[in-house]
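Mapping of the sequence shown onto our numbering: residues 2 to 181, in sequence order. Structure first, commentary second.
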Amino acid sequence: MMTGIGREMIRHCGRPGALWGMILLAGVLLWGGSPSSLRAAGVDEQARAPLCLDPAQSHGWRVRVLQTQLMVAALSCRGRRADGHVALYNEIVRTRRAELRQAAEHFRRAAARMGGAGAVDRLVTEIANRVTRQALEEPDFCARSAALARAIRAVPDAPLDLFTDMMPVRLQPPLATCPG
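This is the structure we're talking about:
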């Protein structure tokens, strides 16, 4: 008798991204996965599209992580030093509103692709939790976050994702960016 996961593997064969799908499915099987964990891992049951993010979705992910780091710094660093984290965060949100909205839409599409309904809230929470945990372990998190915010403010026309290399906490998207 074939399990739901076995049927998933057979259905995925011959489709674009089949090799990556098989690798992902094998990994999920090894971890004791189920069809719902496949969906959470990025297997899109409807579209059967390759398991990757388009460039806009990848951009949305990077900007969301950057915004989350600035928000965590604004909330957790404000009592430690007078680096102006809250004012810097508020200024960036105000002056970059259009870019943040567009990136949020791309992030929403990426989240839906990775986990279906409710994935946005789960991913935003996961990102915030991971940034917060890693920030506690990064001794220079507050200073580096303030430097990041000041750099963003200093170059108002540069896309936000150009600043991701300056982030104190690095989080990669759970899926690679699709080629071409």
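Glycine residues also receive a C-beta, built at the ideal position from the N, C-alpha and C atoms.
Residue i, buried or exposed, once every other Cβ within 10 Å from all chains shown has been counted against 16
i, result
"residue 173", "exposed"
"residue 116", "buried"
"residue 191", "In the structure as shown, the chain begins at 2 and stops at 181. Residue 191 is therefore absent and cannot be evaluated."
"residue 157", "exposed"
"residue 111", "buried"
"residue 56", "exposed"
"residue 126", "exposed"
"residue 152", "exposed"
"residue 65", "buried"
"residue 96", "exposed"
Which residues DSSP lists as bridging residue i, in chain order
i, result
"residue 178", "54"
Residue interval of the alpha helix (DSSP H) (run including residue i)
i, result
"residue 149", "142-155"
"residue 1", "Given that the chain is displayed from residue 2 to residue 181, the structure contains no residue 1 and the question cannot be resolved."
Worksheet item: Are at least three pairs of beta-carbons, each pair with one atom in the stretch 136-143 and one in the stretch 101-110, less than 8 Å apart?
Response: no
Worksheet item: Taking only runs of the alpha helix (DSSP H) that begin and end inside the stretch 50-114, which ones reach a length of at least 4 residues, in chain order?
Response: The stretch 50-114 contains these whole alpha helix (DSSP H) runs: 56-77, 86-96.
Worksheet item: Do the stretch 117-128 and the stretch 144-160 touch if we need at least three Cβ pairs shorter than 8 Å?
Response: no
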